[in-house]
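Under this note's numbering, the first residue of the sequence shown is numbered 1, with each subsequent residue one higher.
Built from N, CA and C at the ideal position, the CB exists for glycine as well.
Every value quoted in this text rests on a predicted model; they were computed, and no experiment measured them.
Okay, so here's the structure we're looking at.
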Amino acid sequence: MTDISLSADDRIAKRNVFFLVLAQAFLGAQMPMLFTIAGLAGQSLATNLCFATLPISLIVAGSMMSASPLSAIMQRYGRATGFVVGAIGGAAGGVVGAYGLYHASFPIFLLGSFMTGIYMSSQGFFRFAAADTASPEFRPKAISYVMAGGLLSAIIGPQLVKITSDAFVVPFMGTYLTVIVINLIGMFLFAFLKIPKPKAPTAGTPAGRNLIELLTTPKIAVAMICGMVSYALMNLVMTSTPLAVVGCGFTQNNAADVVSLHVLAMFVPSFFTGHLITRFGVEKIIGCGLVILASASVVALSGVELFNFFSALILLGLGWNFGFIGATTMLSNAHEPHERGRIQGINDVIVFGGVTFASLASGGLMNCSGGSPVDGWNAVNIAMAPFLVLAGGALIWLVLKPKQVAI
């Protein structure tokens, strides 16, 4: 919820959205850069190829573990301070990662990946920051616009990889040095944000709900479940997609094209998702997202032609967009400003905890289920079912709950 004094005029909110979109596009470019090359770099350093994608998992794990501390910093010192801490963490991760590459040390490289998670965690709070000064009417649009900045980062990042990955004798070192520069320059964008620190409750006002009360609030609980399921299932399938495409006889360029269209499907809808939430309601948009995620699984299970891969991954991106932006909007509307430090941090711990589990499970399901890539790909998509049932059931319960109470 937003203070009336902040809701009366969205000019400040629009200014903040502008700089958060720039941060999402420029600073956010490091994430597709690192997700593109971290597995390849890990493959060149790891003695056991089974651990090649461990750097990616550690980035997500670092994000999960730093979510609550970063949220507490933002609650006490303001959003800008927390975002600068995240950028410093990203720069430090780039330094350690480059050092690990230079000395061909996999453990040091993994440490750098874990530290990069600090930035990834802070980027996750951009969407909440967009809502801080927005009116209830503008809030879903503000969140959606900031998420749309990810489209620019998805374009900028891969292009920077092409320029920097072979710039030095040590492969990929140029990319990690570029990440350092991106963070050191990009952190100055946060100086332009105008987001006041939330006021602490005074003696005459309610102190706010404790953590148990917050987590048992129906809208908060359902928002967390739907956000976690949407993000984790997207990561589960996307991580396995290149392996499945190549394993089914297509080329690496085909796999790259499938992933590129998937990324476009993730972010292009953000230009209108907020408008849809305003018009139809957040519960309907989340529900639509879950249905689209389920349809992605059905399309993937119906065949392993290139058309199936393209169609399934486009649906996967669209379903993630509706489900995750909808869940973020629902959560933002379900707590007071002085409660955000606790609930937003624990939300991202849960969300990125699910993503960490999904990224670790994806390789195992793909490579260790049955005797062929087709069997592994089918196992990945079948694994979506119970989690979709969980999120769908929680959402239906929330929608029906007021009617049950009225009875």
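Span of the alpha helix (DSSP H) holding residue i?
i, result
"G319", "L306 to S332"
"P218", "P218 to G247"
"L70", "L54 to Y77"
"T133", "Premise fails: T133 is in no alpha helix (DSSP H) and is neither H nor E."
"T273", "S270 to F280"
"N183", "M173 to G186"
"G363", "R340 to C368"
With a 10 Å radius around its C-beta and 16 neighbouring C-beta atoms as the bar for buried, classify residue i as buried or exposed.
i, result
"K141", "buried"
"S372", "exposed"
"S230", "buried"
"G249", "exposed"
"C226", "buried"
"A104", "exposed"
"S270", "buried"
"P32", "buried"
"T47", "exposed"
"R279", "exposed"
"W397", "exposed"
"T239", "buried"
"N235", "buried"
"G186", "buried"
"F19", "buried"
"E213", "exposed"
"Y77", "exposed"
"A282", "One point to set straight first is that residue 282 is Val, not Ala, in the sequence displayed. The residue is buried, with at least 16 neighbouring Cβ atoms inside 10 Å."
"N347", "buried"
"F114", "buried"
"R340", "buried"
"R11", "exposed"
"A8", "Note on A8: pLDDT 47, under 50, position unreliable in the model; the coordinate value appears next. Exposed is the call here."
"P416", "The question about residue 416 has no answer, for the chain in this structure spans 1 to 407."
"H275", "exposed"
What is the C-beta distance between residue i and residue j, in whole angstroms, given that I count them as a contact (C-beta under 8 Å)?
i, j, result
"T116", "G62", "6 Å"
"T217", "A334", "6 Å"
"L243", "M366", "5 Å"
"G28", "Q123", "6 Å"
"L316", "L293", "7 Å"
"L189", "L22", "6 Å"
"F51", "G39", "Not a contact, Cβ separation roughly 10 Å."
"I195", "D132", "5 Å"
"Q344", "S71", "5 Å"
"L177", "G94", "7 Å"
Helix, strand or coil, according to DSSP, for residue i in the structure here?
i, result
"A142", "helix"
"P386", "helix"
"K401", "helix"
"R209", "coil"
"A255", "helix"
"V21", "helix"
"T116", "helix"
"P373", "helix"
"I4", "With a pLDDT of only 37 at I4, under the threshold of 50, the placement of this residue in the model should not be trusted, and no figure is reported."
"V298", "helix"
"I286", "helix"
"V169", "coil"
"D10", "coil"
"K197", "coil"
"T36", "helix"
"A46", "coil"
"H103", "coil"
"G303", "coil"
"A406", "Per-residue confidence for A406 stands at a pLDDT of 33, beneath the threshold of 50, marking its modelled position as unreliable; no derived number is given."
"H335", "coil"
"F128", "helix"
"F267", "helix"
"F250", "coil"
"L215", "helix"
Could you tell me whether any Cβ in chain B is nearer than 9 Å to the Cβ of residue i?
i, result
"E305", "In the structure shown, chain B cannot be found, because there is only a single protein chain."
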